[in-house]
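In this note's numbering, the protein residues as written are 2 to 284.
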């Protein structure tokens, strides 16, 4: 339980505790999710990362906050960071990439710009018009830096008993959650990564974790897993259950989760960088 009050820009750290159900990771991780352009909070959390911990970002780097491009540039320089799809990156890619199916592209553009993508779109256009960013070699409306980051992104990552993902895997529909992308190690550049994903409620980047804890083990690809995810903003004290660790604690606070062996601890920083509504349907 959290007992330390949050202070703007200051970091709160929890003590180490055991992962639920005796789960364990093989790699020492420092996981962040849903920075949404809060570059100051993102940088402040990264200052706490141990030198031997590998960074994994669970998606939704862009939109809503002013520092999305700054975070993209920082991650572009960190070639060891593992990056996962967020639903906002999938929307942006589908909305702006060339040769997309017309209705899908129009609908993606509408949804994206209505949920924080308007800020990112304006920044993308300003960077391209000024020459500060070159266009992506295949998609002229996408800055090359976003193209590089998107092509590095994976849909999910498995490590030991842990399953890292942006939205999650539906306990009763795991095949549908994962069928949205058949090759988790691939580098998507087309339909199977972004076509009409918002119409698939169990999609790995769009799935909403239930607000009441899941009681039964979530079996993913034949093995019970502890999901480490973002996307569903919840208060910090509601983010740890027996089946999942949620890194998304809402717009006013950003968090990181350090995982080492059979233990984890959380870090929090308060931010006022985000423009948005905690209850917005597209997180």
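Note that the Cβ used here is the ideal one computed from N, Cα and C, for glycine as well.
Under three-state DSSP, which class holds residue i?
i	result
residue 259	strand
residue 74	helix
residue 352	Summary: the structure shown does not reach residue 352, with the chain confined to residues 2 through 284, and so no result is reported for it.
residue 150	helix
residue 175	helix
residue 356	Outside the displayed range of the chain (2 to 284) lies residue 356, so it cannot be described from this structure.
residue 207	coil
residue 238	helix
residue 166	strand
residue 158	strand
residue 45	helix
Compute the Euclidean distance between the alpha carbons of residue i and residue j, then round it to the nearest angstrom.
i	j	result
residue 92	residue 107	11 Å
residue 25	residue 159	12 Å
residue 215	residue 242	8 Å
residue 90	residue 169	16 Å
residue 146	residue 76	10 Å
residue 142	residue 103	15 Å
residue 56	residue 110	30 Å
residue 74	residue 152	14 Å
residue 58	residue 203	21 Å
residue 179	residue 210	15 Å
residue 82	residue 105	31 Å
residue 172	residue 219	5 Å
Take residue i and list the residues in its own chain whose beta-carbon comes closer than 6 Å to its own, dropping the five residues that flank it on each side.
i	result
residue 164	221, 226 and 228
residue 29	53, 54 and 261
residue 1	Absent from the structure is residue 1, since the part of the chain shown begins at 2 and ends at 284.
For residue i, which residues of its own chain have a beta-carbon under 7 Å away from its beta-carbon, when the five flanking residues on both sides are left out?
i	result
residue 129	136 and 144
residue 148	137 and 140
residue 150	73, 76, 77 and 84
Identify, in the order they occur along the chain, each residue of the same chain with its Cβ nearer than 8 Å to the Cβ of residue i, setting aside the five sequence neighbours on each side.
i	result
residue 264	17, 18, 19 and 20
Pair every Cβ in the segment 40 to 57 with every Cβ in the segment 128 to 137, then say whether three or more of these pairs are closer than 8 Å. no
Please give the ranges of any beta strand (DSSP E) in the segment 12 to 40, keeping only runs that are unbroken, at least 3 residues long and fully inside the region. 12 to 14 and 30 to 33
Below 8 Å, how does it come out for the segment 13 to 27 and the segment 240 to 257: are there three or more Cβ pairs, yes or no? yes
Ranges of the beta strand (DSSP E) found wholly within the segment 55 to 128, counting only runs of at least 3: 55 to 58
Would the segment 30 to 39 and the segment 250 to 259 be scored as touching if the rule is three or more Cβ pairs under 8 Å? yes
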